[in-house]
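One structure below.
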Amino acid sequence: GADESCGKCTPCRLGSRYAQQTFAKAAAGGWVDSATLRETIACMRDTSLCGHGSGLGILAESATKKFAEELAL
């Protein structure tokens, strides 16, 4: 995940870490800004330079749809 980003592009470098932290916070029952999370995920999916960032964006987007209730998003 986030630790595997090469750091070359900002969407992957920052977005993957933000998404990882936000999902962990949501899973622990903390409040998250779901609009910012969705925007970050869309940015990762659409603008990352390689498949790593865009793939993480697709995975995160799927998780927000499939587990929205469990994550309270």
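522 is the number that my numbering gives the last residue of the sequence shown; the numbers go up by one with no jumps. Cβ coordinates follow ideal geometry from the N, Cα and C atoms, glycine included.
Original post:
How is residue 452 classed by DSSP in three states: helix, strand or coil?
Top reply: helix
Original post:
Residues in its own chain within less than 7 Å of residue 418 by CB, not counting five upstream and five downstream?
Top reply: Absent from the model: residue 418. The displayed extent of the chain is 450 to 522, so no value can be given.
**OP:** For residue 488, I'd like the list of residues in its chain whose CB is within less than 6 Å of its CB, leaving aside the five on either flank, ordered along the chain.
**Re:** none
Subject >> Any chain B beta carbon closer than 7 Å to residue 520 >> reply: Looking at the structure shown, chain B is missing, and only one protein chain is on hand.
Subject >> Cutoff 6 Å; reference residue 520; Cβ partners in own chain excluding five residues on either side >> reply: 475
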